[in-house]
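Taking the numbering used here as reference, the numbering of the sequence shown is continuous, increasing by one, and the terminal residue is 598.
What follows is one structure encoded as structure tokens, with my remarks underneath.
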Amino acid sequence: MKQFIEKIIAENGFKAERLLTVLRAVQTEYYHIPNTAFDPICEQLKLPRSHIISVIEFYSFLHLNPRGRYDILFSDSITDQMLGKQNLIQYMADQLNLTIGEVRSDGLVSLDNTSCTGMCDQGPAALINGYALPCLTTERIDQIIKLIEQQIELSEWPAELFQVEDNIHKTGMLLDQTITPGEALNATFDRGLAETLSEMRHSKLRGRGGAGFDTSMKWQFCCNEIEQQRYVICNADEGEPGTFKDRVLLNSYADQVIEGMTVCAAIIGAKQGFIYLRAEYLHLHSALQTILDNRREKNLLGENICQQHIDFDIEICMGAGAYICGEESALIESPEGKRGIPRNRPPYPVTQGYKNKPTVVDNVETFMAAAKIAVIGGQAFAKTGTEKSTGTKLLSISGDCQTGIYEYPFGVTVQDILDDCQAENVLGVQIGGPSGSFISNQEFDRKIAFEDLATGGSFIVFNNSRNILDIVKNFTHFFAHESCGFCTPCRVGSSLLQKQLDKITDGHGSSGDVVELEQISQLLKNYSHCGLGQTAANPVLTTLQRYPELYQQQLKKISYEPGFDLDASLETARQMANRNDTNAHLTQVDQ
Ligand SMILES: Cc1cc2nc3c(=O)[nH]c(=O)nc-3n(C[C@H](O)[C@H](O)[C@H](O)COP(=O)(O)O)c2cc1C
Ligand code: SF4
């Protein structure tokens, strides 16, 4: 083992910031990080043991105790549940003769749940040793079990088990017309760097990761810094349940995304960039690496790009299972070899980001749009969309409809989208993932735009057969699981919220419990350190506003004191929930 670790560390240049890469390699080789691995890692990377243990404990896909040689994780997003995931995982556990959450006694296989794996268009889905297994059925599970019991290497499994589709149903300005490699860069150099930044300003492009910050302004802030060592990071963490459009962009449009990063690097003067790829997208890693290599060969990356005296290269940095690492300041900690704890802001990454140097962090789709703007110019881009939300938005549509990727000009109504994706008898739509808003069927004239419904791209459709409280429960459990634990209001509040909601939905709650549910929600919203905690109660608050009767129906049948007014008590909770603009999710808290 010592030799193995020394080799990995040498390949990573003995750099402490490569800790996550080293730990991922050890985990893959030994199915956990054994005790005996600590000494060589501490010695070679000059890190204390306590730091290494805290990092392992932070990331869901790193373990101090052995997992099975075949480690299976079922995606637990609400759409996987709607597609029968619970029965499938139980079926698999029964067939393998193990308990969910445990490793089988022979050490061959382990089975557990994990947060949404970004396959909501082709669920129920799972991961095996990190690789995606979409479209699961009992037949596929039988096939998988056979392969496991026969101890066949994953590389020899039938390819169709790992086949991930793009499922693009509607294309627009971005997906329609592909840019050839080098086209955006040549346009940028021909026009001039300052002039291209000007085009970005005219385009009024706003970040596609959810917060909607003005992209040209972010790049300009970075340019304004005196410090010359600067970085570009592509946020490909895509952990919001229901979102999978970045997966598709990196699968089929990666050249353009990388070109957008390179245009950004040229403008801000960065020499180094990262694609921070969520661990659940391991299946994309080697193809992305090949695209980077090809671009180096074509002089579109590396030294003297397009003979313009500009040097820039990109590294892929894999996550290890942590939704919070999508938050830009937490993300930056990860390639520094640390736990993904969100930083205090300000300072913002544009002034003190990676290694405390000026850093632009943008979403995958933002970089793709930037490459487009470099080619067609800002005015042409701004012709599409609305005054405050220019261009198009990629939506990841899942749930009770034709699931997949749909590209729309900003300003499209929810109803138009529902018509396109053939949704029928719709009860409501969750827009922007669990941290976004639940829109009832009375509000389908609302628009996808930063001035109305802002979204990073998740659009989950629920028909009349669905129970809203099941949805709220799934989202609330998700946040409790993903809370990074750094601040008390979120660490304790998200877990209290989950317990309180379970009490009510299990039929053990009183009206006082609903009021308390609302109070915990306010605590989370108002006192949490980062966007995760500040939005974790949105599912409760938005549904309490719209459907107070659903909570009422769950209350235990008790006789109240004479004079006690149950309806008035519930109305108090509803009004308290109403008092807050629950639409203020990522759009505000993340800026
Ligand atoms: C809890 C949390 C999770 C987030 N996850 C993502 C993510 O997966 N991808 C993303 O691009 N932005 C995510 N964001 C937003 C980022 O912090 C940041 O605003 C974004 O990457 C900036 O890029 P943009 O300006 O191109 O949108 C998240 C924010 C929060 C608070
Ligand atoms: S709000 Fe939650 S996720 Fe954010 S820092 Fe606090 S504990 Fe961590």
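For each residue, glycine too, the CB sits at the ideal point set by N, CA and C.
Bear in mind that the values here come from a model prediction, so they are computed numbers and not experimental data.
Beta-carbon proximity check, residue i vs residue j, cutoff 8 Å
| i | j | result |
| --- | --- | --- |
| Phe68 | Gly137 | yes |
| Tyr2 | Lys177 | With the chain running from 8 to 598 in the structure shown, residue 2 is simply not present. |
| Ile159 | Val116 | no |
| Ala133 | Phe81 | yes |
| Glu24 | Gly464 | no |
| Glu206 | Gly392 | no |
| Glu322 | Ser442 | no |
| Ser444 | Leu425 | no |
| Leu257 | Gln227 | no |
| Pro356 | Ser341 | no |
| Asp173 | Val264 | no |
| Asp128 | Gly333 | no |
| Val368 | Leu401 | no |
| Gln34 | His70 | yes |
| Glu266 | Pro188 | yes |
| Ile475 | Leu557 | yes |
| Pro131 | Gly91 | yes |
| Ala327 | Leu26 | no |
| Tyr288 | Met375 | no |
| Ala44 | Met8 | yes |
| Ile40 | Ile79 | no |
| Thr373 | Val479 | no |
Straight-line gap, residue i to residue j (C-alpha atoms, nearest Å)
| i | j | result |
| --- | --- | --- |
| Asn94 | Gly125 | 20 Å |
| Ile240 | Gln51 | 27 Å |
| Thr589 | Val468 | Residue placement at Thr589 is poorly supported in this model, since its pLDDT is 40, which falls under 50; the coordinates are not used for a value here. |
| Asp597 | Pro349 | With a pLDDT of only 41 at Asp597, under the threshold of 50, the placement of this residue in the model should not be trusted; the figure read from the coordinates follows. Distance between the alpha carbons of Asp597 and Pro349: 11 Å. |
| Asn42 | Leu295 | 33 Å |
| Leu118 | Tyr77 | 9 Å |
| Leu291 | Asp253 | 11 Å |
| Asp244 | Glu489 | 14 Å |
| Gln429 | Gly249 | 18 Å |
| Phe196 | Ile383 | 14 Å |
| Asp599 | Ala194 | Given that the chain is displayed from residue 8 to residue 598, the structure contains no residue 599 and the question cannot be resolved. |
| Asn19 | Thr185 | 35 Å |
| Gln279 | Val62 | 24 Å |
| Ala277 | Ile107 | 46 Å |
| Arg285 | Leu161 | 21 Å |
| Thr222 | Leu182 | 20 Å |
| Asp407 | Glu431 | 8 Å |
| Ile151 | Asp320 | 39 Å |
| Ala389 | Gly219 | 15 Å |
| Pro546 | Phe482 | 7 Å |
| Lys22 | Lys53 | 9 Å |
| Arg147 | Ile312 | 47 Å |
| Asp477 | Thr144 | 23 Å |
| Ala201 | Ala377 | 14 Å |
| Asn301 | Cys324 | 18 Å |
| Tyr415 | Asp427 | 11 Å |
| Cys491 | Ile15 | 28 Å |
| Asp113 | Gly75 | 9 Å |
| Tyr98 | Asp149 | 10 Å |
| Glu163 | Asn533 | 51 Å |
| Thr358 | Glu232 | 7 Å |
| His515 | Asn470 | 27 Å |
| Ala272 | Ala487 | 37 Å |
Contact belief for residue i with residue j at Cβ below 8 Å, rounded distance in angstroms
| i | j | result |
| --- | --- | --- |
| Val370 | Gly216 | This sequence places Asn at residue 370; Val is not what is there. At roughly 3 Å, the Cβ-Cβ gap stays under 8 Å, so Asn370 and Gly216 are in contact. |
| Thr462 | Gly439 | 4 Å |
| Leu379 | Met89 | First, the residue type needs correcting, since residue 379 is Lys and not Leu in the sequence shown. Actually they do not touch by this definition, with Cβ atoms about 35 Å apart. |
| Thr121 | Asp87 | That pair is no contact at about 10 Å. |
| Thr269 | Leu192 | 6 Å |
| Ile404 | Phe485 | Not confirmed; about 19 Å, so no contact. |
| Leu562 | Ser518 | 6 Å |
| Ile5 | Pro47 | Given that the chain is displayed from residue 8 to residue 598, the structure contains no residue 5 and the question cannot be resolved. |
| Ile282 | Cys229 | So it is not a contact: roughly 18 Å between Cβ atoms. |
| Ile511 | Val521 | 7 Å |
beta-carbon residue i near ligand 4 non-hydrogen atom, thresh 7 Å
| i | result |
| --- | --- |
| Phe220 | Ligand 4 is absent from the structure shown, which contains only ligand 1 and ligand 2. |
For this session: Indicate whether the contact test is met: 3 or more Cβ pairs, each with one atom in the stretch 222-241 and one in the stretch 361-370, closer than 8 Å.
Result: With three or more CB-CB distances shorter than 8 Å, the stretch 222-241 counts as touching the stretch 361-370.
Problem set entry | Segment contact flag, the stretch 208-227 with the stretch 392-407, C-beta cutoff 8 Å, min 3 pairs | The way I'd put it, the stretch 208-227 does touch the stretch 392-407; three or more beta-carbon pairs between them come closer than 8 Å.
For this session: Determine, using beta-carbon pairs with one atom in the stretch 417-424 and one in the stretch 445-455, whether at least three such pairs fall under 8 Å.
Result: Using a C-beta cut-off of 8 Å, the stretch 417-424 makes contact with the stretch 445-455, since at least three inter-stretch Cβ pairs fall below that distance.
Exercise. Taking one C-beta from the stretch 519-534 and one from the stretch 493-511 each time, how about it: are there three or more such pairs within less than 8 Å?
Worked result: As far as the Cβ criterion goes, the stretch 519-534 touches the stretch 493-511, which means the pair count is three or higher.
Exercise. Can at least three beta-carbon pairs, one atom from the stretch 491-499 and one from the stretch 538-549, be found at a separation below 8 Å?
Worked result: They touch, by the three-pair rule.
Exercise. Pick out every residue whose C-beta is nearer than 6 Å to a heavy atom of ligand 2: which are they, in chain order?
Worked result: Chain-ordered list of matching residues: Ile331, Pro349, Ser490, Cys491, Gly492, Phe493, Cys494, Cys497, Arg498, Ser535, His536, Cys537, Leu539 and Gly540.
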